[in-house]
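Asks:
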Amino acid sequence: TDQSIPSLIMACNDEDEGVRMEVAKAFGELGADAQEAIPELMKCLKDVNWKVRTASAQSISLIGRESITAIPSLISALGDNDWRVRYRIINTLSEIGEEAVPHLINKLSSKSAIVRKGAIDALSEMKIADPKIINSISLLLTDTVEAVRGKAADALRNIGKEAIPVLIEKYVFYSKNYVFHFIIPISNKKMQILIISAIGGIGEEAKDALPFVIERLTDKRKLIRVEAARTLGRIGKESELAAVALFHALTDKKSLIRKEAALALGKVGYSAGLGISSLIITLRDKNPDVRWRASDTLGIIGESFSDILKGALELDDKEAIFKAVELLRIGIKEIVSGLTDLRQDKCDYVCEAALNALDTLTEE
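Numbering-wise, this note's numbering puts 414 at position 354 of the sequence shown, and it's gapless, one number per residue.
1) State whether the stretch 345–362 contacts the stretch 403–422, with contact taken as three or more CB pairs (one from each stretch) at a distance under 8 Å.
2) Would you grab the beta carbon distance between V328 and K297 for me? Rounded to a whole angstrom, and I think it's under 8 Å.
3) Starting from R290 and walking both ways along the alpha helix (DSSP H), at which residues does that stretch end?
4) Under a Cβ-count criterion, where at least 16 other Cβ atoms within 10 Å of its own Cβ denotes burial, should S154 be classed as buried or exposed?
5) Determine the contact status of A215 and I165, defining contact as a CB-CB distance below 9 Å.
6) Could you check what DSSP says for K111 in three-state terms: helix, strand or coil?
7) In angstroms, rounded to a whole number, what distance separates the CA positions of A288 and F233?
8) Thinking C-beta only, is R294 closer than 9 Å to G261?
9) Is N248 helix, strand or coil by DSSP?
10) Taking K230 as part of the alpha helix (DSSP H), name the residues at either end of that continuous run.
11) Just to confirm, does A86 get its C-beta within under 8 Å of one of the non-hydrogen atoms of the ligand MG?
12) Pick helix, strand or coil for I317, following the three-state DSSP scheme.
13) What does the Cβ neighbour count give for K177, buried or exposed, with the cut at 16 atoms within 10 Å?
14) Would DSSP call I188 helix, strand or coil?
15) Just verifying my parser: in three-state terms, what is the DSSP assignment at N166?
16) If you follow the alpha helix (DSSP H) that T152 is in, where does it begin and where does it stop?
17) Checking 9 Å against the spacing of the C-beta atoms, do I274 and A305 come in under that value?
18) Is it buried or exposed for V108, if we count other Cβ within 10 angstroms and need 16 for buried?
19) Taking its Cβ as the centre, do 16 or more other Cβ atoms sit within 10 Å of E229, making it buried, or is it exposed?
20) Quick check: is the beta carbon of R144 nearer than 9 Å to any beta carbon in chain D?
21) For D190, I'd like the list of residues in its chain whose CB is within less than 6 Å of its CB, leaving aside the five on either flank, ordered along the chain.
22) My output table needs one value for C104: the three-state DSSP class, helix, strand or coil.
23) For G359, count neighbouring Cβ atoms within 10 angstroms of its own Cβ and tell me buried if that reaches 16, exposed if not.
24) Excluding the five sequence neighbours on either side, which residues of its own chain have a C-beta within less than 6 Å of the C-beta of D312, listed in chain order?
25) I think G139 touches I174, with their Cβ atoms under 8 Å apart; what is that distance to the nearest whole Å?
26) Would DSSP call T400 helix, strand or coil?
27) If you run the structure through DSSP and keep just helix, strand and coil, what is T278?
28) So is A212 buried or exposed if we call it buried at 16+ other beta carbons inside 10 Å?
29) How do the stretch 220–227 and the stretch 263–270 stand: do at least 3 beta-carbon pairs fall below 8 Å, yes or no?
30) I'd like the list of long-range same chain contacts for K250, defined as Cβ closer than 7 Å, with 5 residues on each side in sequence excluded.
31) Rounded to whole angstroms, what's the CA-CA distance from T129 to L68? Just pull it up for me.
32) Which term fits S133, buried or exposed, when burial requires 16 or more other beta carbons within 10 angstroms of its beta carbon?
33) Check T342 in the structure and name its three-state DSSP category.
34) Would the beta-carbon of I194 fall within 9 Å of that of V226?
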């Protein structure tokens, strides 16, 4: 109640840390009625006990709109020595929202890596696709601290498709430049893999990046090609462009890329059915992991054919039904024929994958 707030404010200075923590929590439970306690809670963010600091940050966000007056204090607390306090501070700032953005952008250039990471996390949680935020975070993809670079990539992924241009821009930057921290070079390859992965994390909304990712399948470095194949599986659903690129990758000289390409084709969906013959050939790959993933994917593709037929029947489209039936008849026949040969594979898990796929197709 309004009468209890002055008493609670006085109790913020109690010698017992347990009392101080409970008082800080109580302000949050009062919500907007505890607006006058904001200044005291700002002081509590510097309490010697981490539990008091954490409770204070949480209560500031629960009080509501007036909590924007505490933004400077919250920003200062981003450098707290205790990760639990920082975690709560980050949540509070992200809940405050746009009013905190200018302060957070300013802290992206802090000398403290902990503060830079905290500011990135708070902006990431907001998911605001503002060009200024995106560009400011993208600068930290060349930060001297690896953990900060990782946070920046995660944040851009979290923001979404609007961040794709700067992610590609930084990939190209790492292709042309060696970035040094003192005399130690930052791993360009590792950062490029991180950037491709961030694009993949955006998901289907990242389809504009398909040509860029597909081009990475021709990179001389194995791990770049691996990440490109994985990413196509994440962003290329129902994309014929992605499917064709992955079919080519099934002939890569490295078995790891062939395996990832086969796995990704299962995620691409119906378009992967356009090259069943390529996958069936892959069932004879010398590497068991490749055969295993190809078996799984053929089972998934076979299921998708049935879904296409069901969809055509629901639409009552005779032409679509005819095409679906033909696809189902020819496609399933090829798949079953290819998988049947794997029932006697010398590798147990390949046999199991083939049998599971055949069971699924039989049920369909």
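The C-beta atom is built at its ideal place from N, Cα and C for all residues, glycine as well.
Replies: Put simply:
1) yes
2) Indeed they touch by this definition, with Cβ atoms about 6 Å apart.
3) K282 to I295
4) buried
5) no
6) helix
7) 18 Å
8) yes
9) helix
10) I224 to K236
11) With respect to the ligand MG, the structure shown offers nothing to examine, as it has no ligands at all.
12) In this structure, I317 counts as helix in the three-state DSSP scheme.
13) Counting Cβ neighbours within 10 Å, K177 comes out buried, since at least 16 surround it.
14) coil
15) N166: helix per DSSP, three-state reduction.
16) W143 to I156
17) yes
18) exposed
19) exposed
20) The chain labelled as chain D is not found in the depicted structure, where only one protein chain is given.
21) When the five nearest sequence neighbours on each side are left out, no beta carbon in the same chain lies closer than 6 Å to the beta carbon of D190.
22) helix
23) buried
24) The beta carbon of D312 sits closer than 6 Å to the beta carbons of R318 from its chain, once the five residues preceding and following it are set aside; these are given in chain order.
25) With a Cβ gap of about 6 Å, G139 and I174 count as contacting.
26) T400 falls in the helix class under three-state DSSP.
27) coil
28) Counting C-beta atoms within 10 angstroms of its own C-beta, A212 has 16 or more neighbours from the protein chains shown and is therefore classed as buried.
29) Yes, the stretch 220–227 touches the stretch 263–270.
30) none
31) 20 Å
32) buried
33) Judged by DSSP in its simplified three-state form, T342 adopts helix.
34) yes
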